[in-house]
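Asks: Structure below; questions to follow.
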Amino acid sequence: MLSGQRRFRKPCGSACGGAMAADALVDTGAILALLDRTDRWHRLCVDTFQQLRLPLLTSEAVVTELFHLVGDSRHEMETAWKFLRSGAIRLAVIEDSELPEIQDLMFRHWDRPMDFADATLVYLARREGLITVFTVDQADFGTYRIEGRKRFRIFPATRP
Numbered sequence: 000m001l002s003g004q005r006r007f008r009k010p011c012g013s014a015c016g017g018a019m020a021a022d023a024l025v026d027t028g029a030i031l032a033l034l035d036r037t038d039r040w041h042r043l044c045v046d047t048f049q050q051l052r053l054p055l056l057t058s059e060a061v062v063t064e065l066f067h068l069v070g071d072s073r074h075e076m077e078t079a080w081k082f083l084r085s086g087a088i089r090l091a092v093i094e095d096s097e098l099p100e101i102q103d104l105m106f107r108h109w110d111r112p113m114d115f116a117d118a119t120l121v122y123l124a125r126r127e128g129l130i131t132v133f134t135v136d137q138a139d140f141g142t143y144r145i146e147g148r149k150r151f152r153i154f155p156a157t158r159p
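Using numbering that gives the first Met the number 0, read the sequence shown as starting at 0 and increasing by one per residue.
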């Protein structure tokens with residue numbers, strides 16, 4: 000698991016219920032790589048994570064995908080919970096009224112199918128005004144566009 004004191008942003012005030020403002024999004028693969036020392040992306044993701052300003056923003060879909068991939072291992076599940084409760088990640092709320100926009104994103108990228116978790120992150124990027132994503136999925140996030148034109152700034156920027 001990750002250690003050391005981290006730098007956190009200041010609360011964004013009453014507009015977001017006193018939660019911390021995020022500078023970047025985080026995808027499932029990056030979280031898994033952080034938590035799994037045997038993952039080929041682990042070292043690079045740990046180094047990158049230490050340079051990012053916390054908290055990182057993610058969606059319930061990403062967390063659901065995380066626990067699906069973690070599986071039934073009690074140790075891995077506890078490690079994932081410890082990380083999620085550490086304050087390093089802020090879970091964004093997506094309302095039912097926002098789902099049609101996420102559906103539109105999934106259908107817009109029909110040539111390169113976008114899964115629901117990725118679509119929620121692309122949507123959150125637009126909604127929250129973010130362009131940075133912490134992901135190991137460079138191929139997909141390299142093709143996705145925010146509002147159809149802005150490219151993501153992907154970290155880590157290199158491959159292991």
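Cβ atoms here follow ideal geometry from the backbone N, Cα and C, with glycine treated the same way.
Looking only at its chain, what residues have a beta carbon closer than 6 Å to the beta carbon of R5, apart from the 5 residues adjacent to it on each side?
Replies: No answer about R5 holds up, because its pLDDT of 42 lies below 50 and its placement is not dependable.
Asks: Please confirm whether S58 and A124 have their CB atoms less than 8 Å apart.
Replies: Against a cut-off of 8 Å, the Cβ pair of A124 and S58 comes out as no contact.
Asks: According to DSSP, simplified to helix, strand and coil, what is L55?
Replies: It is a strand residue.
Asks: Leaving aside the five residues before and after M105 along the sequence, list all residues of the same chain whose C-beta is less than 6 Å from its C-beta, in chain order.
Replies: Closer than 6 Å at the Cβ level, and outside the excluded window around M105, lie M113, A118.
Asks: From R36, D46, W40, T131, pick the residue whose C-alpha is nearest to that of G159; which is it?
Replies: Sequence inspection shows Pro at residue 159; the Gly mentioned does not correspond to that position. Nearest of R36, D46, W40, T131 to P159, Cα basis: W40.
Asks: Less than 7 Å separating the Cβ of E77 from some heavy atom of the ligand PLP?
Replies: Annotation note on the ligand PLP: not contained in the displayed structure, which lists no ligands.
Asks: Would you decide whether D95 is buried or exposed? Buried here means 16 or more other CB atoms lie within 10 Å of its CB.
Replies: Under this definition D95 is an exposed residue.
Asks: Return the first residue and the last residue of the alpha helix (DSSP H) that I30 is part of.
Replies: Here the alpha helix (DSSP H) through I30 covers 27-34.
Asks: Between G28 and the rest of its own chain, which residues show a CB-CB distance below 8 Å, the 5 nearest in sequence each way excluded?
Replies: Only W40, T134, V135, D136 meet the Cβ criterion.
Asks: How many Å lie between R84 and V62 at the Cα?
Replies: Distance between the alpha carbons of R84 and V62: 12 Å.
Asks: Just checking my contact of V154 with I145 at CB under 8 Å: how many whole Å lie between their CB atoms?
Replies: The residue you asked about is not Val; residue 154 is Phe in the sequence shown. About 16 Å separates the two Cβ atoms, so there is no contact after all.
Asks: State buried or exposed for T142, treating a residue as buried only when at least 16 other CB atoms are found within 10 Å of its CB.
Replies: Under this definition T142 is an exposed residue.
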